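Chains as they are written, first to last, in the numbering used here: chain H, 5 to 119; chain G, -17 to 93. Glycine is no exception: its CB is placed at the ideal position from the N, C-alpha and C atoms. Since this is a predicted model, take the numbers as computed values, not measurements.
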Amino acid sequence: EAQVTQNPRYLITVTGKKLTVTCSQNMNHEYMSWYRQDPGLGLRQIYYSMNVEVTDKGDVPEGYKVSRKEKRNFPLILESPSPNQTSLYFCASSLLGGITNTEAFFGQGTRLTVV
Amino acid sequence: GDSVTQMEGPVTLSEEACLTINCTYTATGYPSLFWYVQYPGEGLQLLLKATKADDKGSNKGFEATYRKETTSFHLEKGSVQVSDSAVYFCALKDYGQNFVFGPGTRLSVLP
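Quick look at the structure:
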């Protein structure tokens, strides 16, 4: 089954303790992206990647890191989490290849709480 | 840069009422346009899409027409059901292949 898998689904952590949220897709998509969703603020893009070893900042990259060493994986790293990073996070992926009509596929989300 | 604007709601309707959620965009060139739906506790899933001017996307009774002259992609449904209660996101995919999402519109349908 074609899917985007995020882990963990729920995470409670303490301020300053490094964490990684994993994202994996099995559709051979070039494009992957991370978003955070907060009440009243909609979806905000954190980082995105057009291919292996190619990453770009989105609208709210501060406090986050990403890496794209393999095509299928795009982990989100919070090296020193703070309470303002408490949010619902989504990973998405899509085909590229010079056409714009291919949609993004989303994971189920990771609810992160930083205390 | 590219942007998507949509009515933020919340929108509350009675069952069988007509729905319109407005969406307008700003982009260079000819982006593809999408509507996504997020049901409670779930991720976003594609509802419908359109790739060029005057295209109409449709799914589950929802429709939206790509209007280049007004840079709009309004979502419509003739008769909503309680099961349509969700958050709806308008989005575009630009020539740089990145996605831009609107702020989302929460719809509540009452029986």
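Would you identify the three-state DSSP class for residue i, choosing helix, strand or coil?
i       : result
V18(H)  : coil
N80(G)  : coil
V62(G)  : coil
N105(H) : coil
Q89(H)  : helix
M31(H)  : coil
V119(H) : coil
K42(G)  : coil
D63(H)  : coil
D42(H)  : strand
L92(G)  : strand
L47(H)  : strand
Measuring CB to CB, does residue i end up less than 8 Å from residue j?
i       : j        : result
S98(H)  : R72(H)   : no
F44(G)  : K59(G)   : yes
P12(H)  : T114(H)  : yes
W17(G)  : L74(G)   : no
L26(G)  : N41(G)   : no
T53(G)  : T87(G)   : no
V118(H) : P87(H)   : yes
L92(G)  : E(-3)(G) : yes
T8(G)   : G84(G)   : no
S28(H)  : R76(H)   : yes
Looking only at its own chain, which residues have a Cβ that is under 6 Å from the Cβ of residue i, when we skip the five neighbours before and after it?
i      : result
I2(H)  : The structure shown does not extend to residue 2(H), since chain H is modelled only from 5 through 119, so no value can be given for it.
S61(G) : E(-2)
Across which residues does DSSP place residue i in a beta bridge pair?
i       : result
T87(G)  : Y70(G)
K69(H)  : I81(H)
T9(H)   : S28(H)
E74(H)  : DSSP output for E74(H) lists no bridge partner at all.
V58(H)  : N55(H)
Q112(H) : Beta-bridge pairing links Q112(H) to no other residue.
L23(H)  : L82(H)
L57(G)  : I3(G), A46(G)
If I measure Cβ to Cβ from residue i and keep anything under 8 Å in the same chain, skipping five residues before and after, which residues do I get?
i      : result
K38(G) : A32, E45, A46, T47, Y48
What residues in its chain sit with their C-beta under 7 Å from that of residue i, if we drop five residues either side in the sequence?
i       : result
L100(H) : E34, Y35, M54
Checklist entry - What runs of the alpha helix (DSSP H), each 4 residues or longer, lie entirely inside the region -14 to 36 of chain G? => result If we require 4 residues or more, the region -14 to 36 of chain G turns out to have no alpha helix (DSSP H) run fully inside it.
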